[in-house]
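Take 6 as the starting number for the sequence shown in my numbering and just add one per residue. All C-beta atoms in this analysis are idealised placements derived from N, C-alpha and C, irrespective of residue type, glycine included. This structure is a prediction, so every number in the text was calculated from the model and none was measured. Scroll down for the structure; my scribbles are underneath it.
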Amino acid sequence: MVSRFVFVVVGIAIAFGVYFATQANKAWEVGTREVVWMAIGAALYAVFSWLFNGTVFVVPSASQVALRPAIAIPMFFGFAFGPIVGFFTGAVGNMFGDALTGFGLSPQWSIGNGLIGFVSGMWMLFSDKKKSMDTVLYVSGALAVITALLFFMNRSMPNMLYFDVENGIFGDAQISLFAGIAILIGFALIFGVRYFFKSNEDVATAVTWGMLGNIVGLLFASLSDIVINGLSLPATIVGQFLPAAGPNLIFAAILVPMLVVAYTSTRRQSGR
6 MVSRFVFVVV GIAIAFGVYF ATQANKAWEV GTREVVWMAI GAALYAVFSW LFNGTVFVVP
66 SASQVALRPA IAIPMFFGFA FGPIVGFFTG AVGNMFGDAL TGFGLSPQWS IGNGLIGFVS
126 GMWMLFSDKK KSMDTVLYVS GALAVITALL FFMNRSMPNM LYFDVENGIF GDAQISLFAG
186 IAILIGFALI FGVRYFFKSN EDVATAVTWG MLGNIVGLLF ASLSDIVING LSLPATIVGQ
246 FLPAAGPNLI FAAILVPMLV VAYTSTRRQS GR
């Protein structure tokens, strides 16, 4: 239990480190408007996480991983309202979502979800939006390829949620090929969205930085389980990170552009 909260402190320290290095930037301004969006974002993420975290949406993995289209919420809130709103939306929303689902609290994973929203809002810290997006694409692509290679090097990793009722076999099936390569599929989709919407800088920025946030946040949570739960590096990457991060990117490529377009249209109509 102590190690879990050590990683909570580490995750928060990472966020504070970025803040102190860039505290003069307007991205860190928090007023009544941002507080309201924090509450709305966390509530939405908690409710939609609860709706989609049931066993019917479980992804074959080494632990409890579910399909989470709701991941688009912290990505969008981070992009639209800044890294602080994004962090609160992801961390607090995930904590309450897990509580509602009955999974129990895994604070290091809540912080990882917070980092998803936090990084999604970091585009505000860069004056050259296009150059920063290109850098994010390179970094995300490299991480996607490296982690996918770990999957192909560890194809025998057991799917601990597999259960053959008739033969009483538990955990002997391999992690599925889709779970292993979904991050590459997701990266390809994000890459396509980034350039399809090159004339719409808001959508391109949101999906690109959301992708990096997803990879960084889930890598943080997965790697923490090496210490907390005694998993090996291949086990946590192949058995936890890839089954979670890959589908998240696919949902991000589809849902984040829809949220950004709807938000932009609403702002335009209201004149704000």
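Taking the CA atoms as reference points, G218 sits about 19 Å from A26. Residue environment for A85: buried (at least 16 other C-beta atoms within 10 angstroms of its C-beta). Between P79 and I45, the C-beta spacing is not below 8 Å. Residue burial annotation: T241 is buried, with at least 16 other C-beta atoms found within 10 angstroms of its C-beta.
Between the stretch 96-112 and the stretch 36-52 there are three or more C-beta pairs closer than 8 Å, enough to call the two in contact. Within its own chain, the residues whose Cβ lies closer than 8 Å to the Cβ of R199, once the five positions on either side in sequence are excluded, are M138, L142, A209, V212 and T213, listed in chain order.
By the C-beta density criterion, R272 is exposed, having fewer than 16 other C-beta atoms within 10 angstroms. Cβ neighbours of G83 within its own chain (closer than 6 Å, five residues either side excluded): G91, G122, S125 and G126. In the pairwise beta carbon analysis, the stretch 191-198 is classified as touching the stretch 254-261: at least three pairs are separated by under 8 Å. Note on geometry: alpha-carbon atoms of F81 and T269 lie some 12 Å from one another. 8 Å or more divides the Cβ of G87 from the Cβ of A20. In this structure, the beta-carbon distance from M162 to V243 falls below 8 Å. Look at N205 here: in three-state DSSP terms it is coil, with no helix or strand label. Between V261 and A77, the C-beta spacing is below 8 Å.
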